[in-house]
Amino acid sequence: MVDPFGPGRSRGWVHSHGATLVELFRLVDLAWIFLGLWLAQLAEGIGWRDDDMVTGLVAVALFTIAAGQWPLYRTWRVASLGAELRRNAWCWLVAATGLAVLAFLLESQAKLSRGVLVVWLVLTLALMLSARIALRLGLRGLRRGGANYRLAAIVGANPTGQAIVEQVVASTWMGIRLVGIFDDRRPDDDRMIREMPIAGTLDELVRRATAGELDIVFIALPLRAELRIRALIHALRDSTVTVMYVPNFDAFGLLSARWEVFRGIPMISLVDTPHHGGSGLSKRLFDLVGASLLLLLLALPMLGIALAVRRSSPGPALFRQKRYGLDGREILVYKFRTMSVTEDGKAAFTQARKGDARVTPLGAFLRRTSLDELPQLINVLQGRMSIVGPRPHPVALNESHRRKIEGYMLRHKVRPGITGWAQVNGCRGETSTPDKMANRIRYDLEYINNWSLALDLRILWMTLFSVIDDPNAY
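Below you can see the structure in the form of structure tokens.
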């Protein structure tokens, strides 16, 4: 394995011809569009027509615009392959959508059959993604052999700088070699010097950068060091190094943080929802399709449960309770009634306990198997809830904990769910102590910070097993 701190061989031909290779790869992507269209026509038994050239050129133009709007042809050295593939897929999806809209407006959809269109879009995407995967594998091979690397320096002998070192050492596929840590000040913790030896002062860093000995500089100084950061950036302008600032926002308690540009003003969203733009649309479609299918499949069993609840004890079959939903707004949540008493969740609320006398015999079974939650599929269709998300708490329970547990209300940055990450990790049922509630909130915020449809599917799969055997279900 190549030493991430070693001097290595020459940075090589790929490094010196990077701009040319980027343009070449841009042309290759455009060629895939035409190749995909031609192969789709062949698959449908149709020959190439003059109109196909126009269609291909329009698709190329739209893809080029999308790739410029959502930068695709930039350096992906410090980004994951998944991030690059998602960006590529998004740009092609935008281009395909624009092409479909133009075809509809110009009433030219008949010139390209639906079958050809689908095969073309899928095949072109497969070609683009396959090429990117092959390129990544090739670059990884070069970097393992000591070629195609970048020389990097870290400014700041502190925990953030140490974290960068750890990531570079663990990610040799990036092809980054560390020259060392540079700082004018001695770290507060002497152990930092032994673990990350200081290679020199900031003046030495600037000298090596202007001499062409560095490619990347990671600035890991704290936000309060603004004057030092500005002075360093100004000095580095006399070089061609790539400067990357690595802020330490851990103290701010980030939630789905992302970069934004507001009318030309750059800003960082420190606390936000992960469900914005395409992510929000995909989450909502997932909920609508999933809830609709489940209601169709479970309509008769739910009717049977409702009749059984009515017959087993006095009272309505459905129980409605006020809880906090998206953005902390009150919503009415539906459940099958499992108790002999009902509480609106706002004026008064007492959590169910093990052996609770209020729970009916049928209710105990419904709660243990989570069948009492099935009516919340209706809440999902209403847009009040999601299939997966933090479990909604009654209003009274929210108000009793929101000022005791830091970040409690942040769980309401997404719609509440029928099942959640906390529940499949053992935080289901009664939260009898502040520590238990704090642990549940920790899992909820972890879910929001790491949300993806893949995580939702994983939680649903884990829910199937947690329902079967969960000691906290009562």
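First residue of the sequence shown: 2, per the working numbering; consecutive thereafter.
Each residue gets a CB set at the ideal place from its N, CA and C atoms; glycine is no exception.
Check: DSSP state of GLY279 mapped onto helix, strand, coil; Outcome: helix
Check: Cβ neighbour criterion (16 or more within 10 Å) applied to THR202; Outcome: exposed
Check: Bridge partners - ARG321, DSSP secondary structure assignment; Outcome: TYR335
Check: Three-state class that DSSP yields for TRP452 in the structure shown; Outcome: coil
Check: Contiguous beta strand (DSSP E) assignments of at least 3 residues, all confined to the region 15-93; Outcome: none
Check: CB-CB length for PHE337 against LEU375, believed under 8 Å; Outcome: 7 Å
Check: Pairwise C-alpha distance: VAL381 and LEU456; Outcome: 18 Å
Check: Identified DSSP bridge partners for GLY427; Outcome: According to DSSP, GLY427 bridges with nothing at all.
Check: Runs of beta strand (DSSP E) wholly within the region 104-170 (minimum 3 residues, chain order); Outcome: 151-156
Check: Terminal residues of the alpha helix (DSSP H) in which ILE379 lies; Outcome: 377-383
Check: Enclosing beta strand (DSSP E) for ILE217 [first to last residue]; Outcome: 217-220
Check: Collapsed DSSP secondary structure at ARG187 in the structure displayed; Outcome: coil
Check: SER341 (DSSP reduced to helix, strand or coil); Outcome: coil
Check: Status (buried if at least 16 other CB within 10 Å, exposed otherwise) for ILE230; Outcome: buried
Check: Whether THR274 touches VAL415 by CB criterion (8 Å); Outcome: yes
Check: Three or more C-beta pairs below 8 Å linking the region 419-430 and the region 396-405; Outcome: no
Check: Validate contact between the region 319-328 and the region 381-396 using beta carbons, cut 8 Å, 3 pairs; Outcome: yes
Check: Proximal residues to ILE1 (C-beta, below 7 Å), its chain only, five neighbours per side dropped; Outcome: The structure shown has nothing for residue 1, since the chain only spans 2 to 475.
Check: Per-residue DSSP class, three states only, for PHE466; Outcome: helix
Check: Coil, strand or helix - PRO529 by DSSP; Outcome: The structure shown does not extend to residue 529, since the chain spans only 2 to 475, so no value can be given for it.
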